[in-house]
Structure formats: structure tokens, C-alpha cells
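Chains as they are written, first to last, in my numbering: chain A, 1 to 180; chain B, 181 to 684; chain C, 685 to 789; chain D, 790 to 1417; chain E, 1418 to 1923.
A short write-up of the structure that comes next.
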Amino acid sequence: MQLFVFICAGLMILAGAIGVITRSHPVHAALSLVLTLFGVAVLYVEQEAQFLAAVQVIVYAGAIVVLFLFVIMLLGVDKAEDLRIEPFRLQRKVAAIVGGGVIGLVAFAAISSRDNIGTAARAAAGATNDPDSNIRTLARDLFSDHVLAFELTSVLLVIAVVGTVLLARRAPKTPTDVPQ
Amino acid sequence: MTSFPILTLLVLVPAAGALAVAAFSTRRPEWTKLLALLSSVFTGALSVWLVVAFDKSNADFQFVSKHLWIKPWGISWHLGVDGISLFLLLLTGVLFPIVIAGTDPHQNHRRYLAWMLLLEAGLMGSFVSLDLFLFFVFFEIVLVPMYFLIAGWGYEGRVYAATKFFLFTMTGSAFMLVGVIATAFLAKGRGPLTFDLIELAKADFATSTGRWLFFAFAVAFAVKVPIFPLHTWLPDAHTQAPTGGSVILAGVMLKLGTYGLLRFGVFLFPEAARWSRSLWLTLAVIGIIYGAIAATMQKDLKRLVAYSSVAHLGFIVLGIFAMTSQSMTGGVMQNINHGVSTGALFLLVGMIYDRRHTRQIADLKGLQKVAPIFAGVFMVVMLSSIGVPGLNGFIGEYLVLIGSFLTARWWTVVAATGVILAALYLLWAYQRVFHGEPDDANRTFPELKLREAAVLLPLVGVIVFTGVYPKPMLDRIEPSVKRLIEHVTEKTNYVEPQPVAVAP
Amino acid sequence: MIAAAVPTTTWYLVLAAVLFGIGTVGVLVRRNPLIMLMCVELMLNAVNLTFVAVARKLNDIGGQTTVFFVMVVAAAEVVVGLGIIVAILRRKPNATADDLAELKG
Amino acid sequence: MLDVVWLIPALPLAGFVLILLFGRRLGDPKAGYLATLMCGAAFAVTVGVFFDLLSKRTEQRSHIIRMFSWVPVGSLNVDLSFLADPLSITMCLFVTGIGTLIHLYAIGYMHGDPRFSKFFLYLNLFALSMLLLVLGENMLVTFLGWEGVGTCSYLLISFWHERESAATAGKKAFVTNRVGDWGFMVAMFFAFQATGTLSYGGINTAAHTMAQSTATAIALFCFLGACGKSAQLPLYIWLPDAMEGPTPVSALIHAATMVTAGVYLMCRISPVLGAASSYAPTLIAVVGAATALFAATIAVAQNDIKRVLAYSTISQLGYMFLAVGSGAYTAAIFHMITHAFFKALLFLGSGAVIHGMNHEQDMRRMGALRKVMPITAATFIVGWLAIAGVPPFAGFWSKDDILLAAYDKSPVLWAVGLVTALLTAYYMTRQVIMVFYGKARWDDAHDEHGAHGDFHPHESPAIMLVPLVVLAGLAIIGGGINLPFSSRTEKLAHWLEPVVGGHESLTGKVSLAVIAAVVALIGIGAAIMIYAQHKAKPIEPRVLQNGWYYDATVRRFMGGPGREAFDAVAWYDATVIDGAVNGVGRLVRGTAQKIRTVQTGNVRNYAAAIGVGVVLLLAWFVVVRGNL
Amino acid sequence: MIAADPVLLGPSVNWFALSPLLILLGAAVVLLVVGALMPRRPPHVYALFTVAAGLATMIVCFFLWDNITDGGASTLVGGALRFDVFTMFITITIAASLVLVALSTDDYLRREGLEGPEVYALYLLASIGGVIMGSANDLIVLFLGLEILSISFYVMSASHRKRIESQESGIKYFILGGFSSAFFLYGIAMVYGTAGSTNFSKIVASFNAIVPAQRHDAFILAGVALLIVGLGFKVAAVPFHFWTPDVYQGAPTPVTSFMGSVGKVAAFGAMLRVLIYALPHWSDDYRPIVWTLAVLTVVVGSTMAVVQTNVKRMLAFSSVSHAGFILIGVEAAAHRAGQPDLGDGIPSALLYMLLYSVLVVGSFAVVTMVSRTGDNATDLSSFRGLGKSHPFLAFGMTVLLLAQAGVPLTSGFVAKFGVLQAAVEEHSYAIAIIGMVASVIAAFLYLRIMVSMWITEPETGDADREAVRVPLWTGVAVALAVGFTLLVGFYPGWLIDAAKAAVITK
């Protein structure tokens, strides 16, 4: 059963990911992304991260992808990209090498040290298989050990807000860098 | 001796003068010039006083002042003077007033004078520093005023020449900086970090370490001297620099190289200096011959003098690495002599340029007929440069050669042929410029003016006096040179060869 | 029997690596800035998956907390990124990443 | 009187300084008188010193006068000090004596020259240098004078520097001399290393204890120096050109004094020469003989009045080296003295001719001048007889001395010397005939010459004639100082003995003297037959006119391959070395320009670069450092 | 259910120790609120307020510094932050840069018609991120700090609405920044996977236990690799530097100076924290990489700078080169990672950061003025004749450039000397020599700018150019930078001592 779920979710994830990088139309890409995000959410559940799975669906698949789609619609940048053309001769080869290299090396590292991963002594904050609910354990960790990080996220959000305000100001009528 | 911080003043007076000149209003250029002249004359007077007060029986550093500067790195403001540096200070002190009084920049006096004085401060500092860090600071800082003097007040190719000069020298210093630091750390052992020359000279380095460190120092000095084949910045810089810049460059700045080789190269790393002497001697001899040959074929009078410097400095390097008391004393003395005579030559060439706006030998002809006194002064200076006995150039060159002969016979024999070539290129140039019937362009060549004569007279006086009576100089130089050789003897198994004593 | 095999942490890690790799390739080959942004999201998801998987193996909630922070960061990044993209696409409609190469050399 | 030896050089120095300061104000002719006075005073002092020395016992005739410590460094301790001994005082005597005469002569000769006072300035400076040279107690002081006379020679040869040829000749003289100076310097280095001193006393004392090879080296390098200064093969080429200088200069520097400095030096270090390997003196003798013959053959075909004398000087100097090489130092000095008398006389005479001929120097445009300038002619003839070796004129005795010594050394050298004597008599006779006898050819000269207005050769003023007469007298009786009749009459030999060692035995060589005299007469007769009686065509082949093409070859080499080699070095410097420096700069910029194309501005390329970096780093860590 | 919960005990918070962060945050909030409420935009107020906040931060830091010297270092907020002299040094450096940048931004915004409090707020918030990066004791906290800094930078780079270059630079920086952040995060995940925690102290403890056995564990090494990638991107080490010239050129000039100073300081602070404090066990593995990066960075940075014609771009490449120099210091520090005596590597790098920050802000402040309205006149030719028209400004620039070239008696020399001696102390002679040779190449570039200012003859049309204005506060910023440069050049002892104090743990 676990294997089946893993394979199904894995296929979803990979299919979605490949969709993102191969679909020429941005809307299609965004929808492929949703597929991946759902797949990841499934695996979160499988790994006893129920809260994160929920957040994944709500925030990621819900809010963020919708934001993407919104921008696509808003700006009308839904022109399909011609993926047959690649202006840089080496770009795709390099991409293949980089992609293959990263996958190969990381996978190799993960496999070769499979006995060492996750064997360290557990930190005190809480366990994933805590009898308490996942949310509660998470919350306790969040507000004790990681309270500063949590506060910092607020700074991050302030920046996001200020940044969008700053960026959203209308561009002036006469750009200075365009020769008249 | 005295607690009066004369060496500190030697550095600070021109520096303060530079600041004052820079801050002075431009409305009265003559006052600016007077201010600059006063501070340089004051510095010169201090340097003269220094020579008078110098105790010639004392081979050690005198007038030492030492104050902690950068404590965490063990760096002090440590100044001192001995026979090796004494006359270089005097030379600096004397040449600057001459240059400031005798040459006029074509634009912006104020800035020119400020740079000049800053240059003087830097040079003075280089010659009195007894701390490696401090020395490096001064050694490097002089590049800046010199760069601006060449680039700002030079001739047509000035930016190229100045940049070449700056980068070339900086490359050398790059190695030296690493060498300075490495020396301090390797000598450190358990004790505190120090950059003090005297402390570091006590250290014993492993043989190969010492050689590497020596190399790092020597590259910087070799560029500065310049030793063949690192010399190509010199003709460009000399030629393109304004007259004052050329005088200082040739007269004083090149000496940083030879002085550094003595003070830091040989003194800190005697073993390495001994070990690599064949290389240096060979390069020195090549420099002597090569510089002379290259000088012969130059079409530009200033360039010719510049190449002659390559040859002359070769003698100094020969003397340093031959490592006998005669050759080293001669080398130190040649520092001064070359400074005086080549400085004077550059002044004279500058005067020719001022009059004729050309440095091309082919454009000049028959000047002796229209300006005999000018030609006469040129002749005396030229003869000094050729090394005619009775004038200063001979004494240094001769001492170098006779001393070097004891340890480096065949190098010396070849090097001595340089005196033939020196006669060849200078006399040939003299003939083309001063002899013959002047053509129309040169017929109105003005005679030496009073101000010019006043500027040249002290130099000519020094040329003759030193040639006839060098003893006062030798007496002060020799003890320090001897001490240096004793230091080498202590550190290595080197024994200064003595000539076979004649039976009484 | 395959069906009986339980996917270990390593399986998850390899899957995440593949996902990360695909995201990397996507950034390199796609020209639409929006899709490049999506590919960065793919990479971040791969990392999240790794975190969750090792957290499970470690039996440590800290990994999940981290994923939570990453999601916030991703959200903030997307907001700002889209802001910039909007600003630039208003000036240059339909510009691709390849078109934005005035600054070079 | 010995303590005032320093006055001998100091007086010309005073003259130099005074003329330097006030020369222009003194002007023509007062500056000349001042200079002459100083030189004359020096002569007077020298005479005083001479008699003082003479009054002492032989072994006490060497006196060192120390002025001040000149170059004291470590074991090298050179004083500026003078050595008054028979040799140096002898030199001083004729240097100051002849010098004074020539100064006097020059007052007349240079009259009207715009740089009159400068001429005497240089002349006094020369006298100073020459006196330092001969009086120097050590090699360095000698070298000071040595270079000083070289410099003065340069200044005086190119005195009329507007003439391109004069300027070139001066430069040539200086540079060629420098080659010799190099030898002198190296000799000093060897001497210092071997003895720790540069004083002649020390070196000569140590001569027999030093290694033979060292002694040989010192001797030969000194000889190289001497070759330069005394115009021997192969460095003689500057002397004929030096005739571009005013004639008093030729007489003083290039005949009587400076050019003999080389001989003086060799005599000075005669103990070292004695200690050297035997091939060293032989080499010197051979070079001397060869030079003598070589120069004499050239002199046969010259038409310039001064060039004949120049080659003659070279030839006579060759004699002196022949003597030195044969160990006959006294003979060398003897010939030096007599040669100074008659050659100075001949030069001054030629100067008077030139002066009278309005600066015409070509003998083919002269002739029959004895009628218009009788005194000049008479004195010149005395000089001629002296140089030709006609007894009892001075030249005969000294030349005979040398030939005897040469015969001792090797009959071949003697034969060469004899042929030279024949040629000397021949070309000098030729010169006398061409200048003073035959037809007056100066009338046709003036058309071609384009001379200014009327042209009348005239006798010189008295001030020029007095020196001529005095010198003529000396040329007649000069031989008297060393007559070979008995050891009593060999005064010079006795006088010099403490310095140059025992004199050679001359008994039983009367036959050789007779042969020499006969040979001289044959030479004279032949010349008379050819040039006066026109019984045969003159033998003046082009190869001799051009000095065996030696000078031309050297010049062609210097202007050709030599110059090309120098140019090649300059080219190498500009192209290869500087090119390498600039090349580094270009390389950096070029590389940067290439790398710059990687900076495409495209964000995907940048990402690719990061990706590549990632893979490389991962590979390093995982594969290289990991547990593979 | 809720009642059954045990009482949640949060970590104790030393509020005074956090005061630098609180001051910066508070100032940012005040600016935003007041800026939103105030309709009129009074001149100078935002800038001077930011300056005041920066100065206050510095002053507080001096007090805290004393506290640490007396009471020893500690960690804050449950081990999230490290409270030591290192932190204080970084904070002071960032605050000082903030002050200078704020001064030089004031007139710029008015000139370009971009007034508003937002940029200052972003400066302050980004500074928080920087301080967090330099003081983090936890990879996640560090990552958040990095994102705070980066996202502010993305926004600020793109904030010049009138220049398409500004937006281009923003998007480039954003895409590449996100890309490299992902790698960095992946690296964190891997370290976490093996060590079981993201907290430095726990990581070290954990590795202490496992390292002998797992000395060559590929997964953790892959994590180290990816961490280095992320940090290398931030510090602009070659080959992760490609964004630097484009972004530096495109961004508004004051923002560029902010990136060049605060961005670099924070990134290097983070790098030292991660490599030296968190991963000392792997120093033998990453040291060759740091070595290679340092060499590549100094050489490529200097070389590329030589052929540029745009001054901002030149300075961007020169900043790459300087990053290489700091990496030399890091390399020296890596020799001592994990040892009780951390040597001179960290102090030298810290000193370099501080001194370079002032230099770069000063230089870009001059560029800000010369770039004239529109922020586009940054070509080399724009500097032509500056020596004649504005001798003091040109002099100041000359000093700053000479300092960057490493000429003695300027702070740049002290900085260079510091890293070199640290390298030499660890016997890394090759890197020292390569660095010095590269600095000679770089010197050529500074000379070019100086030549343009002082020597190049004016051309026709120069007179028609807009005159360079020297506004008061920007001038003050330059003057402060120049003064500091010379002061430290002549009298550096106190700063060296301060930097050395940063590694004394007790």
C-alpha cells in the first residue's frame, strides 16, 4: 500500500514537473505545477506531516498557483513559448549535464550514505510520531525553539508588502532612459 | 645622542609643506612656490645638519627614534640613519629644492608642488625606515605622487608611461609585501610578531626559506633599480616625465632599489644573497653593457640618459653583490654620484626642451657655438657620467670595479668595458647636439640663464668636490658597509677576501 | 515481492533529487520568467520533500517546522517576484528572459 | 726644494682656475701669457727639483710627497701623492719645458681665434693632467692624469668643433683611448688584488713575489692601456685623425708628451714587466716593431703635412715600445726625449707653414717655401736631420740605442727597425722637399681653393719662431745626454738607473751604428732622387695612401655590422623585452575581452554557470572527498 | 484538550541583547507608518531618521560589546542567535554602511523623483537580515536572514521605475537569487538529515559524535557543497558572480552601494558562521574549494574589470575581486576551523569587510553624484574633467580608489595587509602572491578612473553636460568615507584589535 501510494504520488510529481518544464503555454505549466504540488502533499501525509500537507494544498496549490494564473491573465502574457528554438547552442546541453549531474550526484550521495541519514540523536523539541497531534507538536516547536525564525517570517512578509507597494507604483509617463 | 627627532622631521616637514601648498589659495602662484621652496629648503637644511652631526665613528644606526605605531601587528615608527642611507637623505634634501626652484610645470603649479613635496616626504621616509612595514608603506606611497607627476605634467605619452611605471613597480611590491609578512611570521617563532628590521636580521631562516624570501624582496627592488630585463618601464617613465619628475626619478627613486637590496636584501638574507650572487652579477653586467648599447642607439636625448641609468645602476648592483667593502662602498657612493650627475643631465635636457621644444637629437645641432657656457656645464656633467677621474662618477664606479674584482674577476673585467661604451654614447650624443655649425632653428638657442646656472652650480660643485675629495663621504659610508659585511660573515661562512698584503 | 517493499527514506530522497534536478533544468531552459519562477518552486518543493522525509527518519519535528518557514519564504518570494515581473512586463509586454539582456559584458 | 713638488702641477692648476674665472676678461693675448707663465713657472720649479735630486745620493733620489688621502676604503688606501724620482722628474722637465715653448708658440698661432682664452684653459688643464700622470705615486693618480690628458686631448682635437671632422676626430680619440683605459683599469685591479696597494713602490717591490701569471697580466693589460694612449697597433687609428686639432696641440699632446705616456707607464712598472713571462716583453717588442714599420710605410704616401708627421709619430712610438720590449728602458726614455724635441719642432714647424699658408695643409700645394719662411725652413731641416737619424743629431743616438737593444733581443726585430729607419729618412726627406724645395705650387692652389683674396705665404711672428729655434737647438744637441762612448757619457742611463734598473752594455756595436747611419743616408738619397731630381716615379700606392685600409675597415665595421648589432640590441629592447611587457598587458585585456563574451547578459546563461559550478562542487565533495 | 496541554515555555529572551535588531525593526515600522500617514514629504527627514537609527544601533552595539567582553559570549532566543563580538562587529559594520548609504540616498531619490519612505524602510529591514545572517546560530535562522536581505535587494534593485535597466537587474537578481537559494536550502536539508538539527551547536555536537566513522559521508559533503554554492552566490565568488556586474550596474546607485557593503558583509558573515563555526569538521574538504574560489575570484574579478568602460561595472568587478580577497581571509580561517585558537583569518576577513564597506559606499556615493539625473551617466567619460570642476570630490574619489588599489596609508592597504598576513600565517603563500598580482591588474582600473578625472583632456560638448551637483548629505557621506579611509590608513591599531577580539571566545 505504502509503495503504491509512493509510486502514484511520485508519478504525479514527476509528470507535473516535466509538464512545467515542457509545456509551452504558461497556463498549462501552472496547472502542471499544481499536479506536482498535490503529489508532494500526498507524500507529506505519507510522512506524517499532515499539517504541512494541508498548508501545501491551501497555500501552495491554492494561493500561489492562483497568483501565477492571475498574473498570466492580468498581463496577457499567455503567449506560448516556442520551445523548439534555443538561441544558445550549448544551453540545453549544459542544462542536461547540470540536471543529470545534480540528480546523479545527489542520488548517489543519498544512496551511498543511506545508513547515516537520520541516525543522529533526535533534538528535544518533539517527535514526528508524537502521540500528540502533528499540529500541536509543530506549534510547540515553532514557538519555542524556532520562535525567532517565526518572528523573522513576519519581517519577510513586511518586506513583501512594502516591496509590492514600491513596485506597484505607476511608472512615470516619461522614462528617462528611453531617448526621445 | 640627541632626542631631537630630526628624522621624523625630515619626513614630516615636506609632508606638512605638501598639505600647506595644497591648501594654499591659487591666486598667488609665486607665494605657493615660495612656500614649497621654503619647506624643501628647510628639509634640505635639516639633511645637511644631519650629515654634519653624524658621528662617523659609529657604524650603527644613529638618531634613532622608535614609537609603537600599530600595536597588534608589532609595527613601530622606527627610524634611523647610518652611512648607507645618510647621503641618500642628503641627496634627497638637496635635489628637491633644486628641482622646485629650477623647473616650472606647464600648468597648475600648486598641485605639482604639493605632489613634489609629498614625494619628498615619501622618499625621506623610505630611506630612514627601520621597520619593514614602515618601509613598505613609504616605498609604495611614493608611487602615487610620481604617478600623478608623470601623468599630469608629462609629455605626449605620459599616461601610458605613468601607468606602466605604476603597475610595473606595484607588481614588484606585490611580491615584496608577501615577503615582508612571511619574513615577520617565519622569524616570529614563539616571540611576539615584529616587523623591526634589526630584530628580524637576528633571525635565522632555513636555507630554502631564506632564498624564497630574498627572492620576494629582490624582485621588487630589481624592478625599481631596474635590473635587466625588468627595466622597460624606465625609459618610458623618464622620457615622459616632466623635467623635475625625471630628476627625482633618476636621482633618488631608483636608489630605492639599490638601497633596498643592501638594507633589506643582503642584510636580512645574507645566505640567499650569497647563493644567488652569480645571477645578480650576471644581470648587472648585462645591464651595464646592454643599457649602454641601447643608449647608443636612442634618438631621443632623454631616452638616452634613461638608458644610461640602466647601465650605471648595473655598476651599483655589481658592487652590492660582489660584497667587498670597496665594492659596496663604491655602490653606495655611486648611488649619490649617479643621482647628482644624472639629475643634472636631466635638468640640462629639460632646459634644452624648454628652449627648443624637442628632445630629438636630430633636431639639435651646434649648440656649443651659440651657448658655450651651457655646453661647458653639460660637458662637465657628461664627463662625470662617463666616469672621468677627478669627477665624482669615477670614484664610485672605480671602487665598485676594484672591489668586485676581488670576488668576481671576470664579471668585473666585462663590466669595465662599460666605461668604453659610456664614452661612446655620451660623446656621440654630445657631438650631434653641441658640435657642428648650428642650423637656423638652433642659431637662436639662448645661453644659460642666471637662475638655471644657480640651480646647476651646486650640482657641478658636488661633482667636482666629490671627485677630488671623496674622503668625507667614504669615511661615513665605510663603517656601515663594513658592519653589513660583518653581519654577512656572522650569518654565513663568507669571509671578505683581502688582497695579498704587500710586505712592508 | 515488490508490493511488500516499503519505500524507505532513500526512495524519497532520490525522488526529491529528481524533482530538484528537473526544476534546475527548467530554470536553465525556459525563457518565460513566470515559468522560471515556477521551476524555482519545483526546486523548493523538492527540498521540502527532503526535509519531511529526513524529519520522519530522524523522528524530529524540526524538519517540518523548517518546511513551514520555507513555504512562507516561497510565498514572499513569489509575491515580490511577480511584482517585479509585472512591473517589467508592463514596460515590455511579452518579454522573455532572453530579451532582458541589456546589461552585459 | 723637493717638498714643493706639488707646486709643479699646482701652477698649471692655478692657471686653469684663473683662466676659467677671468679668461674672457683677460682675452687675447693676456690669457695666453698667463698660461705660459704658469707653465714656465712649473718648469722652473721642476728644474729646481731636478737639481735637488741630482744633489742627492743615488739611492735617495726617490721622494714621495703625500697630499691627502684620496680614496681610502678598507684595504684600499689610495693617497693623492706625488713621486719625485729621476724618471718622473725627467718627464716633468721636458713636459714643462716643451710645454712652455709650445704655450708660447700658441700665443702667436692662436692669435685672433674667437676662443683664444679657452684654448689656453684647456692647455693648462692638459699640463696639469700630464704632470699628475708623470708625478703620480700610484697607479690611480697616474690614471687620473691619464684620463685627464685623454679628456684634454678630446677637447683640444675638437677645438674647432664646428668642423664635423674635428668633432668626430675628438670623439674617436677619446673612445679609442678608453679601450686602452679599460686595460689600464684591469691592470690596476690585478695589481691591487696581488699586492693590496696601487703605489708603484709597493707593486714593484712585490713584483718578484707575485705569481708570474699575475705579473704577466698586469704587464699586458698595462700595455693595452699604453697601446691606446701611445697609438700602437691596433689602437693607433685615432692619432692621424687627431691632426684636426690646432697644430700646437698636435705638437704638445700628439707628439711630445701625451702619446709618450704609454712608454712612461711601461718604464714605471718595469720590474713587473721583468717578472712577467718572457712572451710579454717579446709581444711588446713585436707590436712596437710592427707599428713602427707599419706606420712608416703609410707615412711614405701621405700628402697632408701633419698626417705625415702623425704617422711618423706612431712609427717613432713603435721604436720606443721596441725598446721597452727589448728591456732597454733607458733607450726608450732617451728616444722619448729626443723625439719630443725634434717631433715638437717638426710639428711647430709645420704649424708655422700652415699658419703662413693660411691653413693649407696639402703638401702638393706647397713647395719652395724656404724662400718665404727661412727660419721655419732652417729649423724644420734640423728636425728632419734629427729624425732621419743623421749623426750627430739627437735622433741618431737614441735610435741607435734602440736598434742595438733590438739586435740584442732578436736580429729580426733589428732588421725591422732598420727598414723603418730607412723609410723614416725617406719620407721625411720627401716632406722637406715637397714643402720647402722645388716649385712653388701655392699659386695654382688659390684658384681651386677659392681662397679669399691675395694669398701670400709669410713667415710667422717672432713669438712662434723663438720656440722653433730653441727646439732646433735641442734637436741638435739633445743626443748629448746619453752618448754611448763610455759609461761616463751615458748620463741618462745612470740617472735613471734607480728606477728602470741597470743599463745595457753597448760595447762592440759600432758596426751596427754605422749601418744605421748608412741606411739613413740611403733613405735620404732615394727621396732626393725621386722628389727633387725626379729620377723615378714616386712610390705612393693607394693602399699606403689609405693606410693599408685599416682605418677604413674599422670604420666600415663600426658603421656596418657594429652599428647593426647595436641597432639589433635596441630593436630587441623595444620589441622583445618591452614587447613582452606590453604583451602581458595585451594578454590580460585580450583574455578579459574573451571572457567578457561569457557575460552575455542572459540570465539563463548565468544560471547555467551556477549550475556548472554546482555540479563541479558536488563532484569534488561527493566523488573526490566522499566515500567512493 | 487544550487545558491538558503542558504550559508552553518559550525561550528566555534577553531583550537588551536583541536591541540592535529591535531598533532597526522599530525604525522601519515607524517609517512605514509615519510615511503612510504624512501627506507631505519633508526633505531629509526619512534619511536622517534612518541615519539616527543606524547610529543608535551602533551606539547600542558598543555597550553590548562591553557586556560581552565582561560577561562572555552567549546565545540568544533559544540558541537561534549567537551573541558575541563577531556579531557586534558585523552589526556595527552594517549599521555604519547603513548610515552612509542613507546619507547618499537622500538627494538621489529627490533627483530621480522617487521620494518615499519605502526605500529607507527596506534598507532597515535588509539590515536586519544582514545582522541575522552574521549572528545566526541556526541554519534556518540564517536562511531566513538571507531571504530577508535578498528579497529586499530584489525589490530595491528594481525600484527605479524610470530605468528599464533597474528592472532588468531586479529580475535577473531575483531569478538567480531564488535559484541559488534553492541550492542553499537543499544543502541545509542535507546537513539536517545527517546532523539531526539545524542549530550550529547541535550540529557540531552531533558531528563530534559521528565524524570519525563518517568522515567521508557523501550526503553531508553534498550538503556542504550546496551550502558553499548558496554562500558563494551571495558573496559573488566566481563562477557564481555573473549577476554582480549586471545588477550593480542596473540597480539605483545608492542601492548598489548598499548591496556592495551590507550585502557583502552579511554574506561573508554567514559564510564564516557556516563554514568555521558550524562545519569545522569538514574544513579539510572545503578548504581547497575556498582556495580555488578565492583565486578564481580575485583573478577574474580584476581581469574583467580592466576592460570595462562603465564605472559602475568596473566597481562591480572590482567588488568581485575584493570578495576574492576576503575569501583569502576565509581560507586562512579555514585552516584553524575547530581549533581553540582561530587565528587571524576571521579577524582579517572582518576587518576587510568593514573597511571595504566604507570604501565602496564612498565610491558609489561619488558615482551617485556624477551619474546625474537619470542615473545613467556612469560611463568613464562622465568622469572627465571632474578634477577641474570638482577638485575636492575628485580628490575624495582618488583616495577611495587608491585605497581600493591597496596603496599604503589608506584603509585598503590595512585590509589587504590583514588578509595577506592571515594567509601567510597559515603558509598559504601561493594564494597571497596570486592575490597581490591580481591586485596589480585591478590597480590598472583604478588608474583609468583617476586618469579620466584628472588628466583626460576635455572634449567638445563637455560643457553642455549637466553639471555635477554635490548635495550636502551625499557630500558628508563621501567626506566621512574618505576621512575614515585615511584615519584607518594612518592609525589602524584600534580597529585591528577590535577585529581580533571577534574570535576571542570566552
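Note that the Cβ used here is the ideal one computed from N, Cα and C, for glycine as well.
Query raised in the report: Would Leu728/C count as contacting chain D if we go by Cβ distances under 8 Å?
Result: Not a single CB atom of chain D sits nearer than 8 Å to the CB of Leu728/C.
Query raised in the report: Buried or exposed: Ser1067/D, going by 16 or more other Cβ atoms within 10 Å of its Cβ?
Result: It is exposed - the Cβ of Ser1067/D has fewer than 16 other Cβ atoms within 10 Å.
Query - Interface partners of Leu404/B on chain D, CB under 7 Å - result: According to the sequence displayed, residue 404/B carries Lys and not Leu. Contact annotation for Lys404/B against chain D: no contact, minimum CB-CB distance about 15 Å [criterion: below 7 Å].
Query raised in the report: Between Thr36/A and chain E, is there a C-beta pair that is closer than 8 Å?
Result: Not closer than 8 Å to any Cβ of chain E, the Cβ of Thr36/A fails to qualify, so no.
**Report entry** Three CB pairs or more closer than 8 Å across the stretch 503-517 of chain B and the stretch 911-931 of chain D
**Finding:** The stretch 503-517 of chain B makes no contact with the stretch 911-931 of chain D, as fewer than three CB pairs between them are under 8 Å.
Report task. State the DSSP-derived secondary structure class of His258/B, mapped to helix, strand or coil. Result -> His258/B: strand per DSSP, three-state reduction.
Requested in this report: Find the residues of chain E that neighbour Thr1380/D, judging by a C-beta separation of less than 7 Å, and give them in chain order.
Outcome: For a Cβ distance threshold of 7 Å, residue set Thr1720 of chain E lies close to Thr1380/D, ordered along the chain.
Query raised in the report: How about Gly282/B and Glu632/B: do their beta carbons lie closer than 8 Å?
Result: Contact: yes.
Query raised in the report: Looking only at C-alpha atoms, which of Arg715/C, Ala758/C, Leu703/C sits nearest to Val82/A?
Result: The sequence as given places Asp at residue 82/A; Val does not occur at that position. Taking only the C-alpha atoms, the option nearest Asp82/A is Arg715/C.
Query raised in the report: Is the Cβ of Ile1384/D closer than 8 Å to any Cβ of chain E?
Result: Yes, contact with chain E.
**Report entry** Closer than 8 Å to chain C by CB, Gly62/A
**Finding:** Interface flag for Gly62/A against chain C is unset, since no Cβ pair is found closer than 8 Å.
Query raised in the report: Gln1220/D by DSSP, collapsed to three states: which one?
Result: Here Gln1220/D sits in helix by DSSP.
Query raised in the report: In chain E, which residues lie with their C-beta within 9 Å of the C-beta of Ile13/A?
Result: Residues of chain E passing the Cβ test: none, with the nearest at roughly 16 Å.
Report task. Pair every Cβ in the stretch 1371-1386 of chain D with every Cβ in the stretch 1110-1117 of chain D, then say whether three or more of these pairs are closer than 8 Å. Result -> As far as the Cβ criterion goes, the stretch 1371-1386 of chain D does not touch the stretch 1110-1117 of chain D, which means the pair count is below three.
Report task. Anything in chain E within Cβ reach of Met720/C, meaning under 7 Å, just list it in chain order. Result -> For the C-beta of Met720/C, the chain E residues within less than 7 Å are, from N- to C-terminus, Ile1592.
Report task. Alpha carbon to alpha carbon, how far is Tyr1537/E from Gly1530/E? Give it in angstroms, no decimals. Result -> Taking the CA atoms as reference points, Gly1530/E sits about 15 Å from Tyr1537/E.
Query raised in the report: Within the 8 Å Cβ cut-off, does Arg740/C reach chain D?
Result: No - not a single Cβ of chain D is within 8 Å of the one on Arg740/C.
Report task. Could you tell me which residues DSSP puts in a beta bridge with Val867/D? Result -> According to DSSP, which records beta bridges pairwise, Val867/D is partnered with Val860/D.
Query raised in the report: Do three or more CB pairs link the stretch 1124-1133 of chain D to the stretch 1104-1113 of chain D at distances below 8 Å?
Result: These segments touch.
**Report entry** Amino acids of chain D, ordered along the chain, whose beta-carbon sits closer than 7 Å to that of Ala95/A
**Finding:** Within 7 Å Cβ-Cβ: Ala1397.
Query - 7 Å Cβ shell around Val635/B - same chain, five flanking residues per side excluded - result: The residues are Ile278, Ala281, Gly282, Leu527.
Report task. Give, in chain order, every unbroken run of the alpha helix (DSSP H) that is at least 4 residues long and sits entirely within the stretch 1623-1700 of chain E. Result -> Given a length threshold of 4 residues, each whole run of the alpha helix (DSSP H) inside the stretch 1623-1700 of chain E is given here in chain order: 1635-1652, 1660-1667, 1670-1675, 1681-1689.
Requested in this report: Answer yes or no: the CB of Ser227/B versus the heavy atoms of the ligand COA, is any distance below 7 Å?
Outcome: The ligand COA is not part of this structure, which contains no ligands at all.
Query - Any alpha helix (DSSP H) of 4 or more consecutive residues that is wholly inside the stretch 259-317 of chain B - result: Counting only runs of 4 or more, we get 263-282, 289-308.
Report task. Ignore the nearest five residues each way along the sequence and tell me which others in Asn778/C's own chain have a CB closer than 6 Å to its CB. Result -> Cβ neighbours of Asn778/C within its own chain (closer than 6 Å, five residues either side excluded): none.
Query raised in the report: Any idea if Val1548/E is buried or exposed, counting beta-carbon neighbours within 10 angstroms, 16 or more meaning buried?
Result: By the Cβ-count criterion, Val1548/E is buried, with 16 or more other Cβ atoms from all chains shown falling within 10 Å of its own Cβ.
Query raised in the report: How about Thr669/B: is its C-beta nearer than 8 Å to some C-beta of chain D?
Result: Using a Cβ-Cβ cut-off of 8 Å, Thr669/B does not count as an interface residue toward chain D, since no Cβ of chain D sits closer than that to its own.
Query raised in the report: Between the beta-carbon of Thr1726/E and the beta-carbon of Leu1797/E, is there less than 8 Å?
Result: Cβ distance < 8 Å, so Thr1726/E and Leu1797/E count as in contact.
Query raised in the report: What's the gap between the Cα of Gly1906/E and the Cα of His667/B?
Result: Across the structure, Gly1906/E and His667/B are spaced so that their CA atoms are roughly 34 Å apart.
Query raised in the report: Would DSSP call Gln50/A helix, strand or coil?
Result: Assigned with DSSP and collapsed to three states, Gln50/A falls in helix.
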